[in-house]
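Under numbering that gives the first Met the number 0, think of the first position of the sequence shown as 0, with each following residue one higher. Written out below as structure tokens is the structure these notes cover.
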Amino acid sequence: MPTAKIYGLKRILDPAKSQLSDAIHSCVSEALNFPSEKRLQRFFSLAEQDFYYGEGRSENYIIIEIALFEGRSKDTIKKLITLLYERVPPVVGMDKRDLDIMVFELPRHCWGLQGEPGDEQQLGYEVSI
0 MPTAKIYGLK RILDPAKSQL SDAIHSCVSE ALNFPSEKRL QRFFSLAEQD FYYGEGRSEN
60 YIIIEIALFE GRSKDTIKKL ITLLYERVPP VVGMDKRDLD IMVFELPRHC WGLQGEPGDE
120 QQLGYEVSI
């Protein structure tokens, strides 16, 4: 059950949220064979005083964190990251160096989904790809 958190400056994220959401979701759906009707994303549009980024980053800097059930192969995770680097920067008009991506894998029993532990949920998709 991939969930994404997207962090960036409010004035950069807000005008592009819908397009960013579509780009990110297309990457998740393609790389992970995830059902297209399931979209779990949260945007954190931050004020300038709440978002610090170091040298080498511009105001377009965005962080994407994706939490997943564990079990995907290294190649699958790398495919997801590669797709994100291909599809997200054009949406905002940013350089790839302004995008950081973190993928976190958690055991299914560490998730609570729709009133049940994650490892007791019947999924409509395969995790071990």
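Beta carbons: idealized from backbone N, C-alpha and C, even for Gly. These figures come from a predicted structure and were not determined experimentally.
Do residue j and residue i come within 8 Å of each other at the CB atom, strictly closer than that value?
i      : j      : result
Leu19  : Val102 : no
Tyr100 : Ile63  : Before going on, a small fix: residue 100 reads as Ile here, not Tyr. Result yes, Cβ atoms of Ile100 and Ile63 sit closer than 8 Å.
Pro1   : Phe42  : no
Pro106 : Glu54  : no
How close, in whole Å, do the beta carbons of residue i and residue j come, if the pair is a contact with beta carbons under 8 Å?
i     : j      : result
Leu31 : Leu83  : Not confirmed; about 12 Å, so no contact.
Glu58 : Leu12  : Incorrect: roughly 11 Å between the Cβ atoms, too far for contact.
Ile61 : Val27  : Actually they do not touch by this definition, with Cβ atoms about 16 Å apart.
Leu67 : Glu104 : 5 Å
What's the call for residue i, buried or exposed, on a 16-neighbour Cβ count within 10 Å?
i     : result
Cys22 : A quick correction: the sequence has Ala, not Cys, at residue 22. Buried, since its Cβ has 16 or more Cβ neighbours within 10 Å.
Asp74 : exposed
Asp97 : buried
Tyr51 : exposed
Arg71 : buried
Under a CB-based cut-off of 8 Å, is residue i close to chain B?
i     : result
Glu69 : Although the question refers to chain B, the structure presented lacks it and comprises just one protein chain.
To the nearest angstrom, how far is the alpha carbon of residue i from that of residue j?
i      : j      : result
Asp49  : Pro14  : 19 Å
His108 : Glu115 : 10 Å
Arg38  : Pro89  : 21 Å
Lys16  : Glu47  : 18 Å
Met93  : Glu29  : 22 Å
His24  : Arg56  : 24 Å
Lys95  : Arg10  : 19 Å
Gly111 : Glu85  : 32 Å
Lys4   : Ser35  : 18 Å
Thr81  : Gln40  : 19 Å
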